[in-house]
Amino acid sequence: MSKESFTESIVEEAALAWLETLGYANKHGPEIAPGELFAERDDYTQVLLATRLREALVRLNPTLPTEAVEDAIRKISRLEGATLDARNRIFHRLLVDGVTVEYRSDGAIRGAQARLIDFDNLENNDWFAVNQFTVVENLSAAAGAAQAGKHNRRPDIVIFVNGLPLGVIELKNAADEDATIWDAYQQLQTYQAEVQSLFAYNETLVVSDGVQARIGSLGAGREWFKPWRTITGETLAENYLPELQVLIQGVFEKRRFLDLLRYFIVFEDFGGGAVAKKIAGYHQFHAVNVAVQETLRAARMRGETEEWHEAEGRYRSSKQPGGRPGDRRVGVVWHTQGSGKSLTMAFYAGRVILEPEMANPTLVILTDRNDLDDQLFGTFARCKELLRQPPVQAESRADLRRKLEVNAGGVVFTTIQKFLPEERGDQHPMLSDRRNIVVIADEAHRSQYDFIDGFARHMRDALPNASFIGFTGTPIELTDKNTRAVFGDYISIYDIQRAVEDKATVPIYYESRLAKLDLDEAERPRIDPDFDEATEGEEVEKKEKLKSKWAQLESVVGAEKRLRLIARDIVEHFE
1 MSKESFTESI VEEAALAWLE TLGYANKHGP EIAPGELFAE RDDYTQVLLA TRLREALVRL
61 NPTLPTEAVE DAIRKISRLE GATLDARNRI FHRLLVDGVT VEYRSDGAIR GAQARLIDFD
121 NLENNDWFAV NQFTVVENLS AAAGAAQAGK HNRRPDIVIF VNGLPLGVIE LKNAADEDAT
181 IWDAYQQLQT YQAEVQSLFA YNETLVVSDG VQARIGSLGA GREWFKPWRT ITGETLAENY
241 LPELQVLIQG VFEKRRFLDL LRYFIVFEDF GGGAVAKKIA GYHQFHAVNV AVQETLRAAR
301 MRGETEEWHE AEGRYRSSKQ PGGRPGDRRV GVVWHTQGSG KSLTMAFYAG RVILEPEMAN
361 PTLVILTDRN DLDDQLFGTF ARCKELLRQP PVQAESRADL RRKLEVNAGG VVFTTIQKFL
421 PEERGDQHPM LSDRRNIVVI ADEAHRSQYD FIDGFARHMR DALPNASFIG FTGTPIELTD
481 KNTRAVFGDY ISIYDIQRAV EDKATVPIYY ESRLAKLDLD EAERPRIDPD FDEATEGEEV
541 EKKEKLKSKW AQLESVVGAE KRLRLIARDI VEHFE
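Written as structure tokens, this is what we have:
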């Protein structure tokens, strides 16, 4: 679609029309402005649509008295937190978990959770989009505001659910050669600084010029604003469809939007007040939802004789089960390096933990090296709000066994080597026969996952009814039958080509260069060419014991003559 087809107002009207087809009512901002016949606010400083919010709270919480409803509204209206990011994080928890309220009943103070959204019954919520929504805010320099003073701003489209402004769409004119999608992004940065009251409730930000469209989150840099290239998740959208249409229909469809809010937004906490809000990309969102369906199929939590049906109103996918119900092989997620695989694993873990049918599952996060275990554990630890619990690391084989003998729950990190039995050749003792245990293996393509007196057999002995899912950043070889035997076939592929097109990663160009080793004939038998493969899965402490044996290899490879040859080749190449 050509840029000449668009003006900003036409793009705005098209966006509202797409939202309307999804079931959103819509109004022009001035129609509901303060003082108008259909006013929904008392003044421009109010960003919540109070009547819609109050009606939703009453509808979603029929047992709560008026006192409790008003308490919920007060807490939502006066969010705690010294910064915009802190208030936004607090609101997200209220949105997902509900608001803790108190009220008096029979002479006693009682507590309850007031739901802000009905995540199960879509039509029990109020869906509303407003264009040209004016917000006025007077920021005080004493409060530490960077943009002190009175500000009047008017985002192009604000999306409300139950009176809460959860989405903002900012548009630019594609026909204007001087206006780009990043001008819309910069406009949102200004809004976030000057009308913070609106963005404290924000969950998704969208920028578009009608041709291109990107989605991101509060505080995210432009590199984190990504395209959304599919509507249903079954296939990529056709090229003739405008990116904004694909994004709106792909994200703001009611079921997908509620799933995104509930399971796919994370506040990654780096400590010391450093927090990054992240929203899943389309490849992460759909991969995890399919993986959860496959987990329920593989674990067969319903029992062997019960008929298989998806729950009413839940996310649906055209993906057909890759295996038999109860075969314990969930599948393999291949997402190329640099595309957020670790975060995808965290989203999957958080999603499975909240799945009612999994009945408080235990997740075992499996790597084959200590450094990878520490790295992945760090990611999960920063996402503990998503997991609803802090993850733990197994320090030894005995510690792993203690952690896995717990009757329910837990996110346990371990290296695969800790599944070795006490004596070589022994069978590993059974630790738990529960069906709601899921083993999540990182880099599932590696050769250690075998059944010939290997770690996979020991894991099966220890956890005979566990289900297995593999994540990998590189494709599985066609001849690799072991990986498929343990994990099953692909359930999601996000390869390097798609990642580069989405700017999730950059291409790598490899040119083979050879710096020959000058070895005496007497030295050659001392060099084992299979060293890397033989020690790939060894833990750090075991590798240390091998260092002396392979010191000769290091001295040959690092010989001064060879290093000079390599250095000269590098300089000549870049000159």
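Taking the numbering used here, I'd label the letters of the sequence shown as residues 1 to 575. Backbone N, C-alpha and C fix where the C-beta goes; we use that ideal spot for every residue, glycine too.
- Query: So which of 132, 241 and 470 has the shortest CA-CA distance to residue 32?
  - Reply: 132
- Query: From residue 65 to residue 73, what does the alpha carbon distance come to, in whole angstroms?
  - Reply: 13 Å
- Task: Kindly indicate the opening and closing residues of the alpha helix (DSSP H) around residue 101.
- Result: From DSSP, residue 101 is part of no alpha helix (DSSP H) but of the beta strand (DSSP E) over 99 to 105.
- Query: Per DSSP, residue 370 forms a beta bridge with which residues?
  - Reply: Its beta-bridge partners do not exist; DSSP assigns none.
- Using 10 angstroms around the beta-carbon of residue 21, count the other beta-carbons present and answer buried if the total reaches 16, otherwise exposed. exposed
- Query: Nearest to residue 119 by CA position, among 240, 262, 291 and 423, is which residue?
  - Reply: 262
- Which one or two residues does DSSP pair with residue 151 in a beta bridge? 137
- Assess, as a yes-or-no matter, whether the region 411 to 422 is touched by the region 389 to 396 under the definition of 3 or more beta carbon pairs within less than 8 Å. yes
- Minimum length 4: unbroken alpha helix (DSSP H) runs contained in the region 229 to 290: 243 to 251 and 254 to 263
- Going by DSSP, name the residue or residues bridged to residue 335. 494
- Query: Where do the ends of the beta strand (DSSP E) carrying residue 160 lie?
  - Reply: 157 to 161
- Mind reading off the beta-carbon distance from residue 467 to residue 298? Whole number of angstroms is fine, and I expect it under 8 Å. 4 Å
- In three-state terms, what does DSSP make of residue 30? helix
- Task: Throw me the rounded Cβ distance for the residue 456 and residue 339 pair, which I believe falls under 8 Å.
- Result: Wrong, their Cβ atoms sit about 26 Å apart, outside the cutoff.
- Query: According to DSSP, is residue 380 helix, strand or coil?
  - Reply: helix
- Item | Counterpart residues of residue 204 in DSSP-defined beta bridges | 167
- Task: Please report how far the alpha carbon of residue 563 lies from the alpha carbon of residue 370, in whole angstroms.
- Result: 30 Å
- Query: Do the CB positions of residue 332 and residue 496 come within less than 9 Å of each other?
  - Reply: no
- Task: If I'm right that residue 376 touches residue 442 with Cβ under 8 Å, what's the distance once you round it to whole angstroms?
- Result: 6 Å
- Item | Identity of the residue in 162, 355, 459 and 275 nearest residue 400 by Cα | 459
- Query: What do you reckon, are the CB atoms on residue 24 and residue 199 nearer than 9 Å?
  - Reply: no
- residue 512 versus residue 499: straight-line alpha-carbon distance, rounded: 24 Å
- Item | Start and end residues, alpha helix (DSSP H) containing residue 51 | 50 to 60
- residue 442 by DSSP, collapsed to three states: which one? strand
- Query: From residue 181 to residue 214, what distance separates their C-alpha atoms?
  - Reply: 8 Å
- Item | Where residue 117 falls: helix, strand or coil (DSSP) | coil
- Message: Using 9 Å as the threshold, is the C-beta distance between residue 384 and residue 269 below it?
- Response: yes
- Host beta strand (DSSP E) of residue 505 (start-end): Unbroken run through residue 505: none, as it is neither H nor E.
- Message: Starting from residue 129, trace the beta strand (DSSP E) in both directions and tell me its first and last residue.
- Response: 127 to 131
- Measure the alpha-carbon distance for residue 195 versus residue 86 and round it to whole angstroms. 15 Å
- Query: Can you give the beta carbon distance from residue 206 to residue 247, rounded, assuming they're within the 8 Å contact cut?
  - Reply: 6 Å
- Task: Classify residue 350 as helix, strand or coil using the three-state DSSP reduction.
- Result: helix
- Determine the direct distance from the alpha carbon of residue 348 to that of residue 71, and round the result to whole angstroms. 34 Å
- Message: With H, G and I counted as helix, E and B as strand and the rest as coil, what does DSSP make of residue 393?
- Response: strand
- Query: How about residue 184 and residue 208: do their beta carbons lie closer than 9 Å?
  - Reply: yes
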